[in-house]
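**Q** What the sequence shown shows, in our numbering, is residues 262 to 413, in sequence order.
C-beta atoms are modelled at their ideal positions from N, C-alpha and C, and glycine is treated no differently.
Note that this is a predicted model, so its numbers are computed, not measured.
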Amino acid sequence: MDEDPPPLPLAARPPPRKPRSKLRKTMDDVPLEPDITKLQQRLREEGGDEGAIARVPIVFENGVSKNALKLRRRKTSGGKSINFDQGYMNFVGRRQVKKENEMGGYYENEWWCRLCPREDRKPYVAFKNLQPHLCSKHFGLPGRGKVSGVSP
262 MDEDPPPLPL
272 AARPPPRKPR
282 SKLRKTMDDV
292 PLEPDITKLQ
302 QRLREEGGDE
312 GAIARVPIVF
322 ENGVSKNALK
332 LRRRKTSGGK
342 SINFDQGYMN
352 FVGRRQVKKE
362 NEMGGYYENE
372 WWCRLCPRED
382 RKPYVAFKNL
392 QPHLCSKHFG
402 LPGRGKVSGV
412 SP
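(1) Could you tell me if ARG355 is buried or exposed, where buried requires 16 or more neighbouring beta carbons within 10 angstroms of its beta carbon?
(2) Please classify ASN368 as buried or exposed, where buried requires at least 16 other C-beta atoms within 10 Å of its C-beta.
(3) Roughly how many angstroms separate the alpha carbons of LEU300 and TYR349, rounded to a whole number?
(4) Would you call the CB atoms of VAL358 and LEU391 closer than 8 Å?
(5) Excluding the five sequence neighbours on either side, which residues of its own chain have a C-beta within less than 8 Å of the C-beta of VAL317, listed in chain order?
(6) Taking VAL317 as part of the alpha helix (DSSP H), name the residues at either end of that continuous run.
Following this line, the structure appears as structure tokens:
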């Protein structure tokens, strides 16, 4: 007769895995601030990059909205490409980091939010992951979904 083996003692079991969040939850969500000057003042108090804060009135010239953060494609001679000087890319920093693997060295882009304080900046692998972070953590807009988030 086959018997089940006795259960492993607690010390031999692997620790339970914590569920991973898709978004970084290091900051609380902020309320929507429709006034651009008050928004800039709050971003300065939080320790954001002054160059990025100066771009806030340019990006939100028609009011604080999720639509203003969108990237729009422009046509070039080789087809379509993204204009990286518009939308949320005004608030994104980039650097190339040299990495090593068994095949040799290669360069990889790291992206970060320029509105976060310098000591709290965390690298992102893809720049598109920063749009939900900017919406919810800095501008008070919904981070995901198709809600327009237009200010009153």
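**A** From the atom records:
(1) exposed
(2) Residue identity differs from the one stated: residue 368 is Tyr in this sequence, not Asn. TYR368 comes out exposed.
(3) 15 Å
(4) no
(5) ILE297, LEU300, GLN301, LEU304
(6) 317-320
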